[in-house]
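In the working numbering, the protein residues as written are 34 to 447. Don't be surprised by glycine CBs; every beta carbon is placed ideally from N, CA and C.
Below is the structure:
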């Protein structure tokens, strides 16, 4: 039942029992058990989550998934695992889809330790933290960096986001949170004192520069090169993952600008190189929007440490000022954070899109956006609490309905 995520039938048992009997006859009882388990775990009923429409469903028809299929969707969304006995039993009785029961089960599942897997899997997918494996900081430039910090960066974000999700707080705190989770190595890397030992603990931050996700080493390093920062990548990252407006594809045949102009003895600053980009009309449209976002984070180096001077450009003071597309002046990370939360619905909408993408296993398309906006509007009445967004996704037609395929097409969520 657990393996197939539903009550089993006599037909389901036929193959495992046959393999068990053959194994016992040829060897021992334990061999029979091993063979039977292999038959179960290699069965398509275990390996694939099938959502089969009724026999009388018409191609192109939009229908609700069954309660048993809903149980599987819930479990893989919230636990990254199969439904437990309680979910299967409720679904088998046709009770899981009832509004009151469904909400109670979602609340139970979010409080279960298995929900921790969603924190890591979803947040790492959303923020591209698995890409940290592809970043190898230059040790000559950053001798203070060590490989243990890579895991610390991930653990900090996992614990920080998990604390907001499990306490059912507003997801806006992902930007504004005045605390984080540190061990001694990570605290020293950030220049924070009085944190001792290898274990992670919640630390209230006195320096606003470390508030929220924008102050975490994981986000700052995954948006940098191995040897320096790159405001373009950081700005594009914020546009896509915090504002939901990914920049357009760069025009073809745009040449990179030299780090050191011919005849010069000092490299151009990042800001000077970006000004050359914005002077090109083909580049200005996107760079005018994303460059100020990335430049606001220039006080963080490529491994997430705070700096006041740019050692790559003659040790001159960092200039983290800029102007948003609407003319709003921007100086540093605190102004950027304030600009993001001034209109929280844009960040919440982006978060909702990313969560729906994760729950469905497909990209959110233009026809999904009315549902996304409805979820955000409803969540606003509950201070954008995490559970209100999760329930909004689960109650959406996208999560609860499927389109009957035409002939050999794959079944897809609405």
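| message | DSSP three-state label for residue 214, please. | response | strand
| query | Excluding five sequence neighbours on each side, which residues of the same chain lie with their C-beta closer than 8 Å to the C-beta of residue 87? | reply | 96
| field | beta strand (DSSP E) segment containing residue 382, residue limits | value | Segment 377-393 is the alpha helix (DSSP H) holding residue 382; no beta strand (DSSP E) there.
| message | Tell me the DSSP secondary structure of residue 363 in three-state form. | response | strand
| CA-CA distance, residue 381 and residue 405? | 10 Å
| How long is the line joining the alpha carbons of residue 71 and residue 112, rounded to whole angstroms? | 24 Å
| Range covered by the alpha helix (DSSP H) that runs through residue 97 | From DSSP, residue 97 is part of no alpha helix (DSSP H) but of the beta strand (DSSP E) over 95-97.
| request: Using 10 angstroms around the beta-carbon of residue 349, count the other beta-carbons present and answer buried if the total reaches 16, otherwise exposed. | output: exposed
| query | Among 435, 181, 331, 424, which residue has its Cα nearest to the Cα of residue 137? | reply | Of 435, 181, 331, 424, the residue nearest in Cα terms is 424.
| Which runs of the alpha helix (DSSP H) spanning at least 4 residues fall entirely within the segment 87-172, listed in chain order? | Within the segment 87-172, the complete alpha helix (DSSP H) runs of at least 4 residues are 100-111, 118-125, 132-144, 149-159.
| field | Test item: CB-CB of residue 108 and residue 120 under 9 Å | value | Between residue 108 and residue 120, the C-beta gap is smaller than 9 Å, which places the two residues in contact.
| query | Quick check: the segment 148-162 against the segment 213-232, are there 3 or more CB pairs under 8 Å? | reply | no
| said: Given this structure, state the Cα-to-Cα distance separating residue 417 from residue 361, to the nearest angstrom. | reply: 25 Å
| query | Taking C-alpha atoms, which residue in 244, 181, 192 lies nearest to residue 217? | reply | 181
| field | Residue span of the beta strand (DSSP E) that contains residue 356, given as start and end | value | Per DSSP, residue 356 belongs to the beta strand (DSSP E) from 354-356.
| field | Other residues of its chain near residue 57: CB distance less than 7 Å, five sequence neighbours each side excluded | value | 64, 65
| task | From the DSSP output, read off the bridge partner residues of residue 408. | result | BP columns for residue 408 are empty, so no partner.
| message | For a cutoff of 9 Å on Cβ pairs, would you count residue 125 as touching chain B? | response | Structure shown: chain B not included; a single protein chain is present.
| Residue from 157, 202, 172 whose Cα sits closest to the Cα of residue 188 | 157
| request: Report buried or exposed for residue 150, applying the criterion of at least 16 other Cβ atoms within 10 angstroms of its Cβ. | output: Residue 150 is exposed by the Cβ-count criterion.
| request: For my contact list, residue 335 and residue 258 are in at a C-beta cut-off of 8 Å; report their separation, rounded to the angstrom. | output: With 8 Å as the limit, residue 335 and residue 258 qualify as a contact, their Cβ atoms being about 6 Å apart.
| task | Quick one: using the 10 Å Cβ neighbour count with 16 as the cut-off for buried, is residue 61 buried or exposed? | result | exposed
| query | To which residues of the same chain is residue 421 closer than 7 Å at the C-beta, ignoring the five residues directly before and after it? | reply | Exclusion of the five residues before and after residue 421 leaves 411, 412, 415 as the residues of its chain whose Cβ lies within less than 7 Å of its Cβ.
| task | Look at the alpha carbon of residue 207 and the alpha carbon of residue 69, and state the distance between them as a whole number of angstroms. | result | 47 Å
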